[in-house]
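Down below is the structure, laid out as structure tokens.
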Amino acid sequence: MDKNYKQKAKDFFKKEGFYVVLFVCLCIITTVATVAIKKTKDSQAQSKIEENSNKEVSLNIDDSNVNNEVQNAERVENTESEVATAEVVANSEVKFTNPIEGNLVREYTYPKPVKISETDLRTISGIDINAAVGSDVKVAAEGVVESAGKGNVDEGVIVVIKHANGIKTKYGYLDASLSVKQGDTVATGTVIGKVGKVPVIFDNDETEGRLNLQVFNANNEQVDPLKYFSYKSK
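Residue numbers for the sequence shown follow the numbering used here, so the first one is 96 and each next one is one higher.
Take a look at the structure:
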């Protein structure tokens, strides 16, 4: 029986030995290939990890853009500050005091013409306050002298003061010897000059000492001085 088994085994290997060997070889090749592929993948993965770890992350920031943005922000802030300052100045309230003691002798009629003689009508600005010639005329509120000198024919010698809120006060019928000049900064109560003679275009009965007082708003428009000053008629 052992002989028969051995003989059968020999016959099997003679007939099928080639295929057995081929199968074994294929198994070996497959195993080797699998191991090689795995090692290759592991190596590639490790390389990528090392490559990524060695890369330096950089932020490319354009300094010029940053500077421009900062400058623009500063401009906006400065502009807002200027606007806010302008609004404060425009809205600030200036307290006016009477520039001279006296009574109201001519009310505000501008722009309506008024009779100044038997044959002459004229548009007169502001109001007139009676006062003795030579009386001190004082600044109604702090400000800057915008002009000082000869005015229109119906104003005589004048001084114009510009105040913080844009309002202007004009003082007319002054003596030629003024105490201030253009560009001077003046405080409330500063003497700017003295009451002079009323222009000769008016009738003789209106030539007693007077102060002509005018007020202009921030738009340089004439307004009634009695909105800011307290004078009463005789």
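Beta carbons are placed, not taken as given, at the ideal position from N, Cα and C, and that holds for glycine.
Task: From Gly267, Val189, Tyr323, Val281, residue whose alpha carbon lies closest to that of Ala226 - done: Looking up residue 226 in the sequence shown gives position 131. Considering only alpha carbons, the answer is Gly267.
Open item on the list: Rounding to the nearest angstrom, what Cα-Cα distance links Ile262 and Asp223 in this structure?
Closed with: To locate residue 262, count along the sequence shown from 1; it is residue 167. To locate residue 223, count along the sequence shown from 1; it is residue 128. Distance between the alpha carbons of Ile262 and Asp223: 19 angstroms.
Open item on the list: Using C-beta distances below 6 angstroms, list every residue in its chain close to Pro206, excluding the 5 sequence neighbours before and after it, in chain order.
Closed with: Within the sequence shown, the letter at position 111 stands for residue 206. Excluding residues within five positions, the ones whose Cβ falls inside 6 angstroms are Thr218.
- [ ] Kindly indicate which three-state DSSP category Val127 falls into: helix, strand or coil?
- [x] Locating residue 127 in the sequence shown gives position 32, where the first residue counts as 1. Val127 falls in the helix class under three-state DSSP.
Task: Counterpart residues of Lys245 in DSSP-defined beta bridges - done: As a working note, residue 245 is residue 150 in the sequence shown. Lys245 is bridged to Val252.
Task: Closest Cα partner of Val310 within the set Lys329, Thr280, Val234 - done: As a first step, residue 310 is located in the sequence shown; it is residue number 215 there, counting from the start. The shortest C-alpha separation from Val310 is found at Val234.
TODO: Return the first residue and the last residue of the beta strand (DSSP E) that Pro208 is part of.
DONE: The count along the sequence shown starts at 1 and reaches residue 208 at position 113. Here the beta strand (DSSP E) through Pro208 covers 208-210.
Task: Ile287: first and last residue of the uninterrupted beta strand (DSSP E) it sits in - done: Residue mapping note: residue 287 aligns to position 192 of the sequence shown, counting from 1. Its beta strand (DSSP E) spans residues 286-289.
Open item on the list: Looking at the secondary structure, which residues open and close the beta strand (DSSP E) in which Gln277 lies?
Closed with: By 1-based counting over the sequence shown, the position of residue 277 is 182. It is not in any beta strand (DSSP E) - Gln277 carries neither H nor E in the DSSP assignment.
Task: Distance, Val189 Cα to Thr180 Cα - done: The count along the sequence shown starts at 1 and reaches residue 180 at position 85. The count along the sequence shown starts at 1 and reaches residue 189 at position 94. Its pLDDT being 47, under 50, Thr180 is placed unreliably by the model, and the measurement read from it follows with that caveat. If you take the alpha carbons of Thr180 and Val189, they lie about 16 angstroms apart.
Task: Nearest-angstrom Cβ-Cβ length linking Val232 and Val286, presumed shorter than 8 angstroms - done: Here residue 232 corresponds to residue number 137 of the sequence shown, with the count starting at 1. Here residue 286 corresponds to residue number 191 of the sequence shown, with the count starting at 1. Their Cβ separation, rounded to whole angstroms, is 7 angstroms, which keeps Val232 and Val286 in contact under 8 angstroms.
- [ ] Please state if the CB of Phe191 and the CB of Tyr326 are separated by a distance shorter than 9 angstroms.
- [x] Here residue 326 refers to the residue found at position 231 of the sequence shown. Here residue 191 refers to the residue found at position 96 of the sequence shown. In this structure, Phe191 does not lie closer than 9 angstroms to Tyr326 by Cβ.
Task: Length of the line joining the Cα atoms of Lys329 and Val275 - done: The residue given as residue 329 occupies position 234 in the sequence shown. The residue given as residue 275 occupies position 180 in the sequence shown. Their backbone Cα atoms lie some 31 angstroms apart in a straight line.
TODO: Give the C-beta separation of Lys257 and Glu241 to the nearest angstrom, bearing in mind that I take them to be a contact with Cβ-Cβ under 8 angstroms.
DONE: Locating residue 257 in the sequence shown gives position 162, where the first residue counts as 1. Locating residue 241 in the sequence shown gives position 146, where the first residue counts as 1. Indeed, because the Cβ distance is near 5 angstroms, the residues count as touching under 8 angstroms.
TODO: Quick one: give me the first and last residue of the beta strand (DSSP E) that Val200 is part of.
DONE: The residue given as residue 200 occupies position 105 in the sequence shown. Residues 199-201.
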